[in-house]
Amino acid sequence: MQRSLYPHNYRRFSSQYSQLKIENSYFLAFRAAAELLEKHRNIGNKLLDFGCGTGRSTRFLKTLGFEAIGVDISQDMLRQAQQVDQGDYCWLDSKEIPFLEQSFDVIFQSFVLLEYSSLFQMINTFEEFNRVLCDDGLTG
């Protein structure tokens, strides 16, 4: 039996997760992201929200003026995101981020790497970040 790269069952949590408010740890993460992105505002406008879940972070990043595209491994989470925001959301169905090289000025991820079960997954993700990120891009 092949073990999933993504051990959690996000389907079970997608509807509850979409109802969470931006408070506590999420508020702190988003506030810090806003401050960091403002310092580097000259880098460009195209942003990938990696592990966007139900789109809360994607919607937040759009309020900062970014052209944000959300990707996630959970189709259920993406359905929840699209019910609230008809923006650009994409299913991440493999180890490869489904965009061309140097497609993004910024890659944002919040708490995603904490979900990984192996160093291999993390290394693969960083290699993909490097591939789709512009030369002077920012990730965090």
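Position in the sequence shown (first residue = 1) + 24 = the working numbering. In this text, a Cβ means the ideal position worked out from N, Cα and C, and glycines have one as well. Just so it is clear, the structure is predicted and the values come from calculations on it, not from any experiment.
Which of helix, strand or coil DSSP assigns to residue i
i	result
D100	helix
K70	strand
I147	helix
L138	helix
L61	helix
Close Cβ partners of residue i (< 7 Å) along its chain, the five nearest in sequence each way excluded
i	result
L138	none
8 Å contact criterion, which residue i and residue j should meet: CB distance rounded
i	j	result
V130	L61	7 Å
L85	D73	6 Å
G79	V108	6 Å
Cα-Cα separation between residue i and residue j, rounded to whole angstroms
i	j	result
S134	T82	11 Å
R27	K63	Confidence at R27 is low in this model, with a pLDDT of 41, below 50, so the placement of that residue should be treated as unreliable; the coordinate-derived value is given next. Near 41 Å, if we compare the C-alpha coordinates of K63 and R27.
Q126	K70	10 Å
L143	E151	12 Å
Beta-bridge pairing of residue i - partner residues as DSSP gives them
i	result
G94	D73 and Y113
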